[in-house]
Every structure is written in structure tokens, then in C-alpha cells.
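So in numbering that gives the first Met the number 0, spot 100 of the sequence shown is number 99, and the numbers just go up one at a time. To keep things clear, I will list the structure first and then write my remarks on it.
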Amino acid sequence: MGKNLTKRSEDYSKWYNELVVKADLAENSGVRGCMVIKPYGFAIWEKMQAQLDRMFKETGHENAYFPLFIPKSYLSKEASHVEGFAKECAVVTHYRLKNDENGKGIIVDPDAKLEEELIVRPTSETIIWDTYRRWIQSYRDLPLLINQWANVVRWEMRTRLFLRTTEFLWQEGHTAHATEEEAVEEAKLMMNVYAEFVETFMAVPVIKGTKTESERFAGALETYCIEALMQDGKALQAGTSHFLGQNFAKAFDVKFANKEGKKEYVWATSWGVSTRLMGALVMTHSDDNGLVLPPKLAPIQVVIVPIYKGLEQLAIISEKVNPLVKELKSKGISVKFDNRDTHKPGFKFNEYELKGVPIRLAIGSRDLENGTYEIARRDTFEKETIPVNEVVSKIEFLLDDIQKNIYQKAINHRSEHITEVASYDEFKKVLAEKGGFISAHWDGTTTTEDQIKEETKATIRCVPIDVKHEAGKCMVTGNPSPYRVLFAKAY
Numbered sequence: 000m001g002k003n004l005t006k007r008s009e010d011y012s013k014w015y016n017e018l019v020v021k022a023d024l025a026e027n028s029g030v031r032g033c034m035v036i037k038p039y040g041f042a043i044w045e046k047m048q049a050q051l052d053r054m055f056k057e058t059g060h061e062n063a064y065f066p067l068f069i070p071k072s073y074l075s076k077e078a079s080h081v082e083g084f085a086k087e088c089a090v091v092t093h094y095r096l097k098n099d100e101n102g103k104g105i106i107v108d109p110d111a112k113l114e115e116e117l118i119v120r121p122t123s124e125t126i127i128w129d130t131y132r133r134w135i136q137s138y139r140d141l142p143l144l145i146n147q148w149a150n151v152v153r154w155e156m157r158t159r160l161f162l163r164t165t166e167f168l169w170q171e172g173h174t175a176h177a178t179e180e181e182a183v184e185e186a187k188l189m190m191n192v193y194a195e196f197v198e199t200f201m202a203v204p205v206i207k208g209t210k211t212e213s214e215r216f217a218g219a220l221e222t223y224c225i226e227a228l229m230q231d232g233k234a235l236q237a238g239t240s241h242f243l244g245q246n247f248a249k250a251f252d253v254k255f256a257n258k259e260g261k262k263e264y265v266w267a268t269s270w271g272v273s274t275r276l277m278g279a280l281v282m283t284h285s286d287d288n289g290l291v292l293p294p295k296l297a298p299i300q301v302v303i304v305p306i307y308k309g310l311e312q313l314a315i316i317s318e319k320v321n322p323l324v325k326e327l328k329s330k331g332i333s334v335k336f337d338n339r340d341t342h343k344p345g346f347k348f349n350e351y352e353l354k355g356v357p358i359r360l361a362i363g364s365r366d367l368e369n370g371t372y373e374i375a376r377r378d379t380f381e382k383e384t385i386p387v388n389e390v391v392s393k394i395e396f397l398l399d400d401i402q403k404n405i406y407q408k409a410i411n412h413r414s415e416h417i418t419e420v421a422s423y424d425e426f427k428k429v430l431a432e433k434g435g436f437i438s439a440h441w442d443g444t445t446t447t448e449d450q451i452k453e454e455t456k457a458t459i460r461c462v463p464i465d466v467k468h469e470a471g472k473c474m475v476t477g478n479p480s481p482y483r484v485l486f487a488k489a490y
């Protein structure tokens, strides 16, 4: 199964597209630009969702749900917001269908035109801030810390499973605060929550930073982000958190009475991650044989494959394996005993290799005699034979070790692909020959930023936060530059 994948070195994009489909993560649907997330892919997303949801609730956030449809007039209330999303909006204009009188199937009933068109949410700031106006009256109502798990629609011309689809799943947090300082701290907090999740659970190293003005979320005063580097040297924005100032509060007239009884506009944030994280997971760790999943997010952490002749031998193996399955489950380890008699062991080995199951156990007649299992790890393909009484502790060790190993491997790859340059010529050479993150001085102007993007297709991914900034000269104009920024070609 996995052996039929295109090699990453031959065509990375084709490798990715094939892997997502062959590993049963997702497939294209009958609706152009939309995907079907299959059970195995959705099981990974559910693990991501559950962990993020726990982290949100630990930081004081609550879940709610808001409408899928947004009145068109709401979007026009915040000028930069509508400008940022106008070209991606799907619009509902009618509310009824009818049979064509000429017998040509179903048509839109022209008499069922909506008085005001509805936008299928591209993001929910407008409908949520219209709601918050009713929820917030006093400083006692603040801070308001709400998260929503939902689907959104952004009309896309060029789509790719998980990375860019017309409809995708995500969470969006929307918070209201009494002071600017509180809102800024909230935006930074959520960036750090995202970074912790992506590094600790996805085993993907990220760089934290802020976006340039032209790359900010539409309507934000500041956008904090985490940027990851894929194996092909392209960057992927893994999560964003926005300080919205009072823009939406003013647009929707959301005020509160402070402790002195004076009316003030609240301060806002929004933040989100999406099923794009699935793409990051695939592209960071996987190889030419298939998926490599971090144990903390793998739907199946351990698979046990029996090697047998005849159903009688299978029954004996099953009797030996069942107590182990029970013990692993009691320790919170997800395990599958694949006793299907419709597929041979070789097929199963390939299937679970393709699906990225971290640990594979095999047990045959010789193992029964010797009281052993053959244990194989997906990340390095190393195999060894383990006595039955040591297998549980070995599995626990390997799950932890695989998680650490693939994270370290990703860190090493990123370290090898961060390059400092001094000149624009050097920048272009590195971009063409090596890729990755390029650290360079930039004069802070949108004009220069646009020029670089137009000439090289590289964008400023972020102004890194966790580094010491040193002044210099812009690689393009020679004008003063307060700090280096990270450029890359990106998904």
C-alpha cells in the first residue's frame, strides 16, 4: 500500500495529496473545493479538539454556538473586516426552490428572494459582537471569554485537502475585556496555548511572532502567530491570535459601565486554529512509506498483528493477547488487535505503516513458544524481540520516546533551514536553492514588503518574539531596519 506513494523528493505536493487519500484521512467531495473527512482522519481531529478544548477551559473559556448565517449589513459595519473577507464570501439570496414548469428539474423560486442577503460565516466576529451588545452592560460582565467550535466557508479557487478548502472546521475564540492591557495579555496567552499544544502534542516546533500590518487579520490592531516549517522548506501558519482593540466594540456599540459608572467601549480579541493543523501534522513528520503520527494524537497507538496458520492457532494467540489488550487499555493506551482473517499479515503491516501507527506488535507460533512479541516502532523502523512480562513497560517507554524523537527530528530540520542573509541577492539565492525560513532586515514599509512578495513569492511570516532584536539595514533598500524578520514561501 504505502510503497505506491510518490516520493517526497520527486513531487512533494503529489506525495502529500496521495498520502492524505491513501491513509484514509480525507477525500474530495461532490461539492467543489469541499472535503469529506474520513473516520481515521476525524479521529485525529477529535483528539486535537479534545486536548485544545481542555486547555481553553483551563484558561477560563466557555463554549457557545452562534448562527451559521450573518446578515450582510453586519459585515459592512467594520470597514477593514469586510474588505478583508468580501472576495471570499458565499451569499444566500433565496429561501425556496420549486419545480420548473418546463419539466427541467428544480429551480430557485424568484418570488422567494430574501429581503437581506445572508453571508455563510467566513468568521464570526460580526454576529458575535452583535450578540455581545446584549450580554455586556457592566464591568461585572467582564471579561467575557467565549469559544466556538464550528465550520466556516471561505470561497477558494485553488483547494488542497486540509490546507485550503472552501469549508473547513475550526474553533474561534472571541473575548471582551475592560482594559487594553487585559485584551493584549489574552491575545498573547492564546498564542502561547497554541504553541504549547502544537509542540507538546503535535510534536511540531513553532516560532512565535507578530504579523506585519499587511499580513494582519482584517480588523486587528495586532496579530500574534505561530509559524511552522514543513519538510519541503515552506512555512505554514499554524495558529493566530488577534488583538482587535475597540474596533468591533465601536462598530456594534458594545459598551460597559465601569466602576465609576462611566460608559466605555470594551476591548476585544479573537483567535483560532483549524483543520489546517492536520496538514501540518502530515507534512512535518511523514515519510515515503506513509504517515508518521505523534503517539499523543494517534487514534491507534499500538496495533497487534497475529501471524498464524489456521483458526485454531489464531484462537490460541487471541487467548494470549487479550489480557495484554486489557492491560494497555487500562493504562489509557489505545490498542487494536487486528485478528481479521480476510487479510494477510504483510498487508496489515503495510496498512498500519501507511497509517502511521506508532508501535506494531507481531506474535506468531515461535513467539508463543518463547513467550515473546516482536515490537517495531514506526518512526525509525527498529525492531526487537521482547519477553511478554516486559512488553507493557517497553510500550510505555516507546510511546514517550517516539514523541520526543519526531519532535527533535523536526527541530533539527528547522534549525538547518533558518538562514541569515545580508543582501537581496543572497536572499534570492537561498530561497531558490535551500528554502526554509530566511532571516533578513526589512525597512518596515509595505512598499518593500510587496516588492519582495511580487519578485520572489516569499512573504514575511512573522517578526519573531523570542529573539534579541538588532538594528541593521534593509536588504532591499539599504534604509534603517529595527530588526530582522522571517521570510519564507508559505502554504
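Heads up, the beta-carbon is just placed ideally off N, CA and C, and yes, glycines get one too.
Enclosing alpha helix (DSSP H) for residue i [first to last residue]
{"i": "Q236", "result": "Careful: Q236 lies outside any alpha helix (DSSP H), inside the beta strand (DSSP E) at 234 to 244."}
{"i": "F196", "result": "179 to 199"}
{"i": "M474", "result": "Run containing M474: none; DSSP gives neither H nor E here."}
One or two residues paired with residue i in a DSSP bridge
{"i": "L228", "result": "A234"}
{"i": "R215", "result": "Per DSSP, none; premise fails for R215."}
{"i": "H468", "result": "BP columns for H468 are empty, so no partner."}
{"i": "C461", "result": "L485"}
{"i": "K254", "result": "Y264"}
{"i": "P322", "result": "Bridge partners of P322: none, in fact."}
{"i": "N411", "result": "Answer is none; N411 lacks a bridge partner."}
{"i": "A375", "result": "R359, K382"}
Own chain residues within Cβ distance below 7 Å of residue i, not counting five before or after
{"i": "E383", "result": "I374"}
{"i": "A421", "result": "M474"}
{"i": "T444", "result": "none"}
{"i": "R132", "result": "F251, D252, V253"}
{"i": "V107", "result": "H93, L96"}
{"i": "P70", "result": "E115, L117"}
{"i": "E263", "result": "K254, F255, N257"}
{"i": "L143", "result": "Y131, W134, I135, T174, A175"}
Where residue i sits in the DSSP three-state scheme
{"i": "E100", "result": "coil"}
{"i": "F348", "result": "helix"}
{"i": "E432", "result": "helix"}
{"i": "N369", "result": "helix"}
{"i": "Y138", "result": "helix"}
{"i": "D400", "result": "helix"}
{"i": "I299", "result": "coil"}
{"i": "N478", "result": "coil"}
{"i": "L292", "result": "coil"}
{"i": "Y501", "result": "Nothing can be reported for residue 501: it is not among the residues displayed for the chain, which extend from 0 to 490."}
{"i": "H515", "result": "The structure shown has nothing for residue 515, since the chain only spans 0 to 490."}
{"i": "G1", "result": "Caution applies to G1, whose pLDDT of 46 falls short of 50 and renders its modelled position unreliable; the value that the coordinates give is listed next. Helix at G1."}
{"i": "P204", "result": "coil"}
{"i": "A22", "result": "coil"}
{"i": "V334", "result": "strand"}
{"i": "W441", "result": "coil"}
{"i": "Y131", "result": "helix"}
{"i": "K37", "result": "coil"}
{"i": "A89", "result": "strand"}
{"i": "S12", "result": "helix"}
{"i": "Y94", "result": "coil"}
{"i": "I306", "result": "coil"}
{"i": "V391", "result": "helix"}
{"i": "T209", "result": "strand"}
Residue range of the beta strand (DSSP E) that includes residue i
{"i": "V152", "result": "143 to 152"}
{"i": "M156", "result": "No beta strand (DSSP E) holds M156; DSSP gives it neither H nor E."}
{"i": "K278", "result": "With the sequence shown as reference, residue 278 is identified as Gly, and Lys is not the correct amino acid for it. G278 -> not in any beta strand (DSSP E); alpha helix (DSSP H) instead, spanning 275 to 284."}
{"i": "I118", "result": "112 to 119"}
{"i": "T174", "result": "166 to 176"}
{"i": "I362", "result": "358 to 362"}
{"i": "E383", "result": "382 to 386"}
{"i": "V107", "result": "105 to 107"}
8 Å Cβ shell around residue i - same chain, five flanking residues per side excluded
{"i": "E82", "result": "A217"}
{"i": "D340", "result": "L310, L313"}
{"i": "L430", "result": "I437, T455, A457, F486, K488"}
Cβ-heavy atom distance, residue i to the ligand PLP, below 7 Å
{"i": "D449", "result": "Questions concerning the ligand PLP fall outside what the structure shown contains, since it holds no ligand whatsoever."}
Same chain only: Cβ atoms within 6 Å of residue i, ignoring 5 sequence neighbours per side
{"i": "V462", "result": "G208, T209, V484"}
{"i": "V119", "result": "A89, V152"}
{"i": "T239", "result": "T222, C224"}
{"i": "K335", "result": "I299, V302"}
{"i": "D378", "result": "V291, I401, N404, I405"}
{"i": "V183", "result": "F242"}
Chain D within 8 Å of residue i, Cβ atoms only
{"i": "E311", "result": "Among the chains of the structure shown, chain D does not appear; only one protein chain is present."}
Beta strand (DSSP E) runs contained entirely in the segment 40 to 87, provided each spans 3 or more residues: Runs of the beta strand (DSSP E) inside the segment 40 to 87: 68 to 70.
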